[in-house]
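Student: Can you keep this structure in mind? I'll have questions shortly.
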Amino acid sequence: MFRKINPILYVIPVFLLMSIVTGCRQIDKKKLEKEAIPVSVIKVKLESIKNTLDYVDDIKAQDEAIIYPKVNGKVIEKTRDEGDKVKKGDVVAYIDRDEVGFKFEKAPVESPLTGIIGRTYVDRGTSVTPQSPIALVVDMDKVKIDLDITEEYLPKIRLGQEATVSLQAYPDEEFMGVVSKISPVLDLETRTAPIEIIIPNSDHRLKSGMFARVQLILEEHKGVPVIAKEAVMGRGDEVYVYIVEGNIAHQKNITLGIRQGAFYEIKEGLKEGELVVVMGQQRLYDGAPVLAEER
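If you want it as structure tokens, here you go:
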């Protein structure tokens with residue numbers, strides 16, 4: 047005959063076994079959390095990125111000219127002042143000719159181009175000669191920026207190429223210009239060639255003498271994976287990043303494209319939405335446990 051075994055005797059070992067397993071899992075979780083490396087991550091996004099050449103220079107009127115008198119004498123009348131509009135041939139001042147043998151006759155000083163008077167250099171009664179500047183006339187409907195391009199980048203510059211212009215006077219705006227002239231000759235000392243960028247300025251908001259930052263757009267790629275340069279590790283062609291999947295870090299080799307400021311285009315190795323480590327990756331290794339915080 048078989049003895050009847052109390053079912054409790056089976057329940058107790060099973061309960062003990064489950065308790066042990068649960069306890070081990072809690073220990074493993076705490077150990078994982080203790081060993082996990084804290085990192086900051088960002089999501090890979092598809093964006094537009096540009097390869098640019100950056101320069102700084104002053105804005106100038108597209109056309110400007112200093113007006114000189116043709117005779118000696120004194121300024122007896124000024125018909126235009128700073129800010130006034132003039133047309134080519136308009137009189138801006140009259141000179142009393144100070145020459146023996148000539149009867150009194152006002153000698154006109156005429157503007158050589160259409161524009162506005164940017165500056166006057168004389169007052170009534172000022173004695174002048176043909177070498178004395180009377181006024182500066184500028185055509186402000188368009189302004190220009192002159193840049194010197196090194197021979198290394200000159201093959202990448204073409205007529206009509208776009209440039210973005212930013213100014214301290216308008217910090218939240220960008221103005222678009224185009225390359226209008228490219229010198230066919232390089233300076234032998236600097237190995238640079240001058241180019242001219244023209245910017246429309248019908249409202250005359252851009253003033254001659256303003257300080258400008260210019261970005262010449264060499265190429266632009268739209269809708270490509272872009273990441274911050276701080277995420278990139280390695281050198282030369284051997285570059286990689288760490289991505290995070292399920293609180294585990296994985297090393298991924300990547301191929302870089304063009305760079306714009308603090309960001310790189312990723313040609314191969316990453317896709318949209320992946321979480322890339324941008325802080326704390328110096329301690330990582332492939333398969334490392336991490337505590338990730340998304341920025």
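Counting from 47, one number per residue, gives the positions in the sequence shown under this note's numbering.
Glycine residues also receive a C-beta, built at the ideal position from the N, C-alpha and C atoms.
May I ask you to verify whether the segment 170-179 touches the segment 103-110, counting CB pairs closer than 8 angstroms and requiring at least 3?
Tutor: With a cut-off of 8 angstroms, the segment 103-110 and the segment 170-179 do not count as touching, because too few Cβ pairs lie within range.
Student: Would you check if the segment 154-172 and the segment 197-206 touch, i.e. whether three or more CB-CB distances between them fall below 8 angstroms?
Tutor: Flag = no, the segment 197-206 and the segment 154-172 do not touch.
Student: With DSSP as the reference, label Leu252 as helix, strand or coil.
Tutor: Leu252 falls in the coil class under three-state DSSP.
Student: Taking C-beta to C-beta, are Ile195 and Ile241 nearer than 8 angstroms?
Tutor: Yes.
Student: Rounding to the nearest angstrom, what Cα-Cα distance links Gln327 and Val85 in this structure?
Tutor: Cα to Cα, the separation comes out at about 7 angstroms.
Student: Based on the DSSP output, what are the partners of Pro240 in its beta bridges?
Tutor: DSSP output for Pro240 lists Asp194 as bridge partner(s).
Student: Under three-state DSSP, which class holds Leu337?
Tutor: Of the three classes helix, strand and coil, the one that applies to Leu337 here is strand, per DSSP.
Student: I need the DSSP call for Val90, collapsed to helix, strand or coil.
Tutor: If DSSP states are grouped into helix, strand and coil, Val90 belongs with coil.
Student: Below 8 angstroms CB to CB, which residues in the same chain sit around Gly135 once its five sequence neighbours on both sides are set aside?
Tutor: Closer than 8 angstroms at Cβ, skipping near neighbours: Glu156 and Ser157.
Student: To the nearest angstrom, how far is it from the Cα of Leu213 to the Cα of Gly292?
Tutor: If I take the Cα positions, the gap works out to 46 angstroms.
Student: Given a cut-off of 8 angstroms on the beta-carbon distance, is the pair Thr166 and Glu128 in contact?
Tutor: The answer is yes: Cβ separation under 8 angstroms.
Student: Could you please give the first and the last residue of the uninterrupted beta strand (DSSP E) stretch that includes Lys124?
Tutor: First-last of the beta strand (DSSP E) with Lys124: Gly119 to Lys124.
Student: Identify which residue in Tyr331, Ser226, Ser254 and Glu208 has its Cα closest to the Cα of Val183.
Tutor: Nearest C-alpha to Val183: Ser254.
Student: Who pairs with Met222 in a beta bridge, going by DSSP?
Tutor: Answer is Thr210, bridged to Met222.
Student: Taking all protein chains shown into account, do 16 or more other C-beta atoms lie within 10 angstroms of the C-beta of Met186, making it buried, or fewer, making it exposed?
Tutor: With 16 or more Cβ atoms within 10 Å of its Cβ, Met186 is classed as buried.
Student: Helix, strand or coil, according to DSSP, for Glu156 in the structure here?
Tutor: Looking at Glu156 - three-state DSSP - the assignment turns out to be strand.
Student: Of the residues Glu81, Lys89 and Asp130, which one's Cα is nearest the Cα of Ala277?
Tutor: Closest by alpha carbon: Lys89.
Student: Based on DSSP bridge pairs, tell me the residues matched to Tyr14.
Tutor: Examination of residue 14 is not possible in this model, given that the chain is present from 47 through 341 alone.
Student: Along the beta strand (DSSP E) that carries Asp109, what are the first and last residues, could you check?
Tutor: Residues Lys106 to Ile113.
Student: Do Ile95 and Val272 have their CB atoms nearer than 8 angstroms?
Tutor: A contact, by the Cβ cut-off of 8 angstroms.
Student: When you compare only the Cα positions, how much space is there between Val87 and Leu321?
Tutor: If I take the Cα positions, the gap works out to 6 angstroms.
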